[in-house]
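Residue numbers (UniProt numbering): 1 to 421.
Everything on this sheet refers to the single structure shown next.
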């Protein structure tokens, strides 16, 4: 609680009469709106003894401030009276005596509002991710050009970012050469991770791709130990056992198993976790750090500029009418294909941006738990939507792997004396 200080100066020495001069000069130490102004006539009750007699302690002066939401009690005593030449300055200190109920209610309302905002953002994050995977799978099933599709999705994200910067919806960062050098490896890993994920989605089911991507904590621990010599705790290592075992069990019993899909999903884990390692290793100087949203925006633009020419070299120009018509012959007409491709690009950028916004509001561990729940929701929804055939053993393996991811996020809360991941 802040204290309020007021300074009063009399124009002459202390009067001999028991009353103060009715017109003292009054000056505030600060012009803060919560300062309390005293009417000079209210000081007449203060009296002092004669100069040769024992100083008399004046009674406390109580008042309340109407200019502040808090109730204050001011006390003037001789102990805070000081003599400066011919003038006498004394300080009135106002201290809060009670907290009104309205302030407590306001704090509760703010906390409730923040909770509702977080719940809404988590829900939007999950919905955008579900729709992205559904639209993406539908497109890749009839239009099997993952590099072209990924470049188009990065292009949609780039347009959204330029729109936000152009209309001042978000402040555009000023990138220095040292920042660009640090961000470039992140963009390369980000590009490869999303490209490999789309390759996997085009070959195997959505549920199986995301079951394999549950292996991300394993590579996080591995790369942290290799690059930073961080020794994981026993709890962290123990949580990796069900993750690896569950993914292996699900892979052996997956009806749509494909080596290209399996290896590309596993490689996306490697690239995504390498990106996280690079972000810790290279973005270390405080003056060179960006906020999460701008960092993601810059990475998206760089990824689009890198992948577009690479996609043309790898797959050629696939937006010709002949290729679109070929896709239309497999179940989607050209209008539906373009619409789903556009929606997948919008959802692709939006769900990642919402994820970074949530990360700015909660701790990384809370975000990791939310990401684990998101993967469960995504797998279940994709199985229901695409009517993916799964065996009981496959379901058990997926459940064990996801349980291991949850245990991993909980194990990171445990902080022993030694340095852990």
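All C-beta atoms in this analysis are idealised placements derived from N, C-alpha and C, irrespective of residue type, glycine included.
Keep in mind it's a predicted model, so treat the numbers as computed, not measured.
Check your understanding: Taking just the CA atoms, how far does residue 104 sit from residue 216?
Key -> If I take the Cα positions, the gap works out to 43 Å.
Review point. For residue 151 versus residue 307, is the C-beta spacing smaller than 8 Å?
Key: In this structure, residue 151 lies near residue 307, with their beta-carbon atoms less than 8 Å apart.
Exercise for review: Would you mind sorting residue 411 into buried or exposed? The rule is 16 or more other CB atoms within 10 Å of its CB.
Suggested key: Classification of residue 411: buried, given that the 10 Å Cβ count is 16 or more.
Practice item. Run the CB neighbour count on residue 78, radius 10 Å, all protein chains shown included, and call it buried at 16 or more, exposed below. Key: With a pLDDT of 40 at residue 78, under the threshold of 50, the modelled position of this residue cannot be trusted; read the value that follows with caution. It is exposed - the Cβ of residue 78 has fewer than 16 other Cβ atoms within 10 Å.
Exercise for review: Quick one: using the 10 Å Cβ neighbour count with 16 as the cut-off for buried, is residue 405 buried or exposed?
Suggested key: Buried, since its Cβ has 16 or more Cβ neighbours within 10 Å.
Practice item. State the Cα-Cα distance for the pair residue 386 and residue 177, rounded to the nearest angstrom. Key: Between the C-alpha atoms of residue 386 and residue 177 there is a straight-line separation of about 46 Å.
Check your understanding: Going by Cα to Cα distance, which pick from 317, 120, 144 is closest to residue 351?
Key -> Considering only alpha carbons, the answer is 120.
Review point. Around the C-beta of residue 212, are 16 or more other C-beta atoms found within 10 angstroms, so that it is buried, or is it exposed?
Key: Residue 212 is buried by the Cβ-count criterion.
Review point. Is residue 257 near residue 251, with beta carbons less than 8 Å apart?
Key: Contact flag set, yes.
Review point. What number of angstroms, rounded off, separates the C-alpha of residue 179 from the C-alpha of residue 156?
Key: So the alpha carbons of these two residues sit roughly 24 Å apart.
Check your understanding: Do the region 368 to 381 and the region 127 to 135 meet, that is, are 3 or more Cβ pairs less than 8 Å apart?
Key -> With the cut-off at 8 Å, the region 368 to 381 and the region 127 to 135 touch.
Point to revise | residue 309, buried or exposed, once every other Cβ within 10 Å from all chains shown has been counted against 16 | key: The Cβ neighbour count for residue 309, taken over all protein chains shown within 10 Å, is under 16; the residue is labelled exposed.
**Study point:** Minimum C-alpha distance to residue 300 - residue among 113, 158, 114, 395
**Key:** When each option's Cα is compared against that of residue 300, the closest is 158.
Point to revise | Runs of alpha helix (DSSP H) wholly within the region 212 to 300 (minimum 4 residues, chain order) | key: 216 to 228, 234 to 252, 259 to 282, all fully within the region 212 to 300.
**Study point:** Cβ-Cβ separation, residue 139 to residue 320 (assumed contact under 8 Å), whole Å
**Key:** That pair is no contact at about 16 Å.
Exercise for review: Would you give the residue range spanned by the alpha helix (DSSP H) that residue 153 belongs to?
Suggested key: Its alpha helix (DSSP H) spans residues 146 to 166.
Exercise for review: Thinking residue 383 and residue 249 are a contact (beta carbons under 8 Å), I'd like their distance in whole angstroms, please.
Suggested key: The Cβ separation is near 17 Å, so there is no contact.
Exercise for review: Tell me where the alpha helix (DSSP H) around residue 369 begins and ends.
Suggested key: For residue 369, the enclosing alpha helix (DSSP H) starts and ends at 364 to 386.
Point to revise | Reduced DSSP category for residue 47 - H, G, I as helix; E, B as strand; rest coil | key: Bear in mind that the predicted position of residue 47 carries a pLDDT of just 39, short of 50, making it unreliable; the figure below should be weighed with that in mind. Residue 47 falls in the coil class under three-state DSSP.
Review point. With 16 other CB atoms within 10 Å as the buried threshold, where does residue 393 fall?
Key: In this structure residue 393 is exposed. Its beta-carbon is surrounded by fewer than 16 other beta-carbon atoms within 10 angstroms.
Exercise for review: Report yes if the CB atom of residue 142 is closer than 8 Å to the CB atom of residue 341, and no otherwise.
Suggested key: Taking 8 Å as the Cβ cut-off, residue 142 and residue 341 do not qualify as a contacting pair.
Check your understanding: In the structure shown, what three-state DSSP assignment does residue 356 receive?
Key -> Here residue 356 sits in helix by DSSP.
Practice item. Could you spell out where the alpha helix (DSSP H) holding residue 199 opens and where it closes? Key: Residues 177 to 203.
Check your understanding: Which class does residue 102 belong to by DSSP, given the choice of helix, strand or coil?
Key -> Correct three-state label for residue 102: helix.
Check your understanding: With 16 other CB atoms within 10 Å as the buried threshold, where does residue 408 fall?
Key -> Burial is judged here by how many other beta carbons sit within 10 angstroms of a residue's own beta carbon; residue 408 has at least 16 and is buried.
Review point. For residue 109, is the classification buried or exposed, using 16 other Cβ atoms within 10 angstroms of its Cβ as the cut-off for buried?
Key: Here residue 109 is exposed. Its C-beta has fewer than 16 other C-beta atoms within 10 Å.
Practice item. Taking 8 Å as the cut-off, decide whether the C-beta atoms of residue 354 and residue 165 are in contact. Key: Their beta carbons are not under 8 Å apart, which means residue 354 does not touch residue 165 by this criterion.
Review point. Would you report the Cα separation of residue 428 and residue 240, rounded to the nearest angstrom?
Key: Shown here, the chain extends from 1 to 421; a query on residue 428 therefore has no answer.
**Study point:** Closest by C-alpha distance to residue 162, when choosing among 297, 333, 201
**Key:** Residue 297 holds the alpha-carbon nearest to the alpha-carbon of residue 162 among 297, 333, 201.
**Study point:** Residue from 395, 414, 413 with nearest C-alpha to residue 208
**Key:** Looking at the Cα atoms, 395 is the closest of the given residues.
Review point. Is the region 185 to 192 close to the region 221 to 237, with three or more CB pairs under 8 Å?
Key: By the Cβ rule, the region 185 to 192 does not count as touching the region 221 to 237, because fewer than three pairs are nearer than 8 Å.
Practice item. My understanding is that residue 388 touches residue 205, with C-beta atoms under 8 Å, so please give their C-beta distance in whole angstroms. Key: At roughly 5 Å, the Cβ-Cβ gap stays under 8 Å, so residue 388 and residue 205 are in contact.
Point to revise | Straight-line gap, residue 172 to residue 160 (C-alpha atoms, nearest Å) | key: CA-to-CA, the gap between residue 172 and residue 160 works out to about 13 Å.
Practice item. Can you grab the Cα-Cα spacing for the pair residue 360 / residue 367, in whole Å? Key: Between the alpha carbons of residue 360 and residue 367 lies a gap of roughly 10 Å.
Practice item. Kindly list the residues whose CB is nearer than 7 Å to the CB of residue 194, restricted to its own chain and excluding five residues on each side of it in sequence; keep chain order. Key: Beyond the five residues adjoining it in sequence on each side, residue 194 comes within less than 7 Å, by CB distance, of 150 in the same chain, given in chain order.
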